[in-house]
Amino acid sequence: MKAQKWQWSDIRPTLNNFLGRNWLMLLAIIPLFRILVLTSSDGDFTNWQLSWRIFWSPSLYVELAVIIIALLHKMSPASMFSTLSRPVQYISGIWLVAVIAASSLAAFPTLAIASAINWIVHILFAASAVHLFRCFDADLASMIQKFCLTLATCAALAGTAIIAFVIITGVDSGYDWKSSLPGFAHIRHTGYIFAPAIAAGLASLAIWPKFQIKPHLFVLMINTTAMLWLGSRGPAVALIAAIVITMIFSPQLRNRLFWTRIGAAIPTGCILSILLPAPAIGWFGAIQRFWNASGEPSDISSGRTDIWLETIRLIGEQPWLGYGGLQFQQINSAAEGFFKHPHNSVLQFIFDWGLLGGTAMLLLLAIAYFRLLLDKRIPSELRTFGVLGASTMLAFSMLDGVLFYNFTIAVTIIFLLLPLASINPHGMRASDHQSLRLRD
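The structure is reproduced here in structure tokens:
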């Protein structure tokens, strides 16, 4: 009997189905992937490593892969655009025109065009995410479960690796902890993985009180320890704000069992962050930095107020179309040739694209966020996941470059749009409520 000849057409449907259901895991493993490929024992990095570290390039490649997967599942960007409300279509058009105009007039047009292309990729990624979620809406529960646990676990593994690296290298060594930590171009960038990871872990604990409780509590403790030990204060402030907001809109966060559990994990992480040995420089120890902060605004904000004031002054000089993307480092004197963004998403968008493009982008974000809060067709479990995650990222973006870097932009899109994807363009189908019933 002749062996059956293998054909691509035989496995393509299975492969497409697998990718359509599991693409979100590609984003969730980014924190661990960065540690594995972007670590140097002596602090020296190749050019490609520097690019990947600074701009979170692997995340952009994941977004491009997701766009391709969505196209294989018959996504039509034009059709999806046509399903948007007329005001959203107009605002999107204003944003696109402003971005094109700002890029063409920029002092460094190559950088501005690169930024514009990046943002178009983010927009296509957002459309692709919604399309794929709707294609596989019966699996939304399992997709969220896997994403929350995988992201939290990968961040915890990355945090553990960083702590081990610092201790093994020696806290008193001359290693450049500020800009050569494994996986990160700057020590403050570590907060970009711990903020969404902790938010995802908290959401999972609230939504599924019986799902992988011990692993979730353990990684929550590790992520809290690593985030605070590495000195990130912004994520802590953002998470507190997000929890308060989510408690208003989500009954899951008003559960006594939830608070009993996190009341054990988070304080333990806080204590460990103080007890663990750390380099004797000002970059480590968020709790100590909170404690030692003086009343001077520049000390409390780590110099952000100077950057914000200079950014506002520059916006006043060129208000309507801004300066174009990726121009901040070259133009803002307060950036000292180092800071790539103004550490505030509102100022970032208006500086880049002016009052026209910047306000348009802020309106699009506001529309999505308030619909997430108020649309009663969204199941409460999905709202908990989205509001806690999106509130964390948006609050954090008021203090840092969350909406500047590829990974944090992609994660913010997931938190914002996954719950909204449960509503089809013509309203919720009767079967959707059953398919979106999240299991314990």
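Note that our numbering has the sequence shown beginning at 320, numbered continuously upward. Note that the Cβ used here is the ideal one computed from N, Cα and C, for glycine as well.
Query	Result
Cα-Cα separation between Ser360 and Ser592, rounded to whole angstroms	24 Å
Own chain, CB closer than 6 Å to Val449, minus 5 neighbours either side, in chain order	Leu736, Ala740
With 16 other Cβ atoms within 10 Å as the buried cut-off, status of Tyr409	exposed
Three or more C-beta pairs below 8 Å linking the region 337-344 and the region 472-481	no
Closest by C-alpha distance to Gly635, when choosing among Gln531, Ile463, Leu674	Leu674
Top-ranked residue by Cα proximity to Arg580, from Val563, Thr624, Lys529	Lys529
Beta-carbon spacing of Trp760, Val418 below 8 Å	Since the displayed the chain opens at 320 and closes at 759, residue 760 lies outside it and no answer follows.
Of the listed residues Leu595, Ile373, Leu594, nearest to Phe503 (C-alpha basis)	Ile373
Proximal residues to Leu403 (C-beta, below 8 Å), its chain only, five neighbours per side dropped	Ser411
For Gly362, the nearest candidate out of Ser498, Ser398, Tyr380 (CA to CA)	Ser498
Beta-carbon gap between Ser523 and Leu468 smaller than 8 Å	yes
Start and end residues, alpha helix (DSSP H) containing Val416	405-424
Close-in-space but distant-in-sequence residues of the same chain around Asp694 (CB under 8 Å, 5 per side omitted)	Leu739, Ile742
Alpha-carbon spacing of Tyr724 relative to Leu379, whole angstroms	9 Å
Cα-Cα separation, Ala519 to Arg696	22 Å
Closest residue to Cys589 among Leu645, Trp548, Phe427, Ile631 (Cα-Cα distance)	Trp548
Straight-line Cα distance separating Ala474 from Pro501	13 Å
N-terminal and C-terminal residue of the alpha helix (DSSP H) that Ile269 is part of	Outside the displayed range of the chain (320 to 759) lies residue 269, so it cannot be described from this structure.
Short Cβ contact (8 Å threshold) for Leu628 with Ala431	no
Alpha helix (DSSP H) segment containing Val385, residue limits	376-391
Burial state of Gly677 (16 or more Cβ within 10 Å)	buried
Proximal residues to Pro554 (C-beta, below 7 Å), its chain only, five neighbours per side dropped	Gly510, Phe513, Ala514, Met546, Phe715
Gly720 to Gln667 span [Cα, whole Å]	9 Å
Buried or exposed by the 16-neighbour rule on C-beta atoms within 10 Å, applied to Gly604	buried
Where Ser699 falls: helix, strand or coil (DSSP)	helix
Euclidean distance between Cα positions of Leu692 and Ile733	15 Å
Coarse secondary structure for Arg552, derived from DSSP in three states	coil
DSSP-derived helix/strand/coil call for Gly502	coil
Residue from Leu476, His505, Glu382 whose Cα sits closest to the Cα of Met540	Leu476
Any alpha helix (DSSP H) of 4 or more consecutive residues that is wholly inside the region 595-645	605-611, 616-619, 623-636
Short Cβ contact (8 Å threshold) for Val706 with Ile526	no
8 Å contact criterion, which Leu713 and Tyr688 should meet: CB distance rounded	7 Å
Inside the region 662-728 only - alpha helix (DSSP H) runs reaching at least 4 residues	664-693, 699-716
CB of Ser569 within 8 Å of CB of Thr703, strictly	yes
C-alpha distance - Ser370 paired with Ser376, whole-angstrom precision	7 Å
C-alpha distance - Leu415 paired with Lys465, whole-angstrom precision	34 Å
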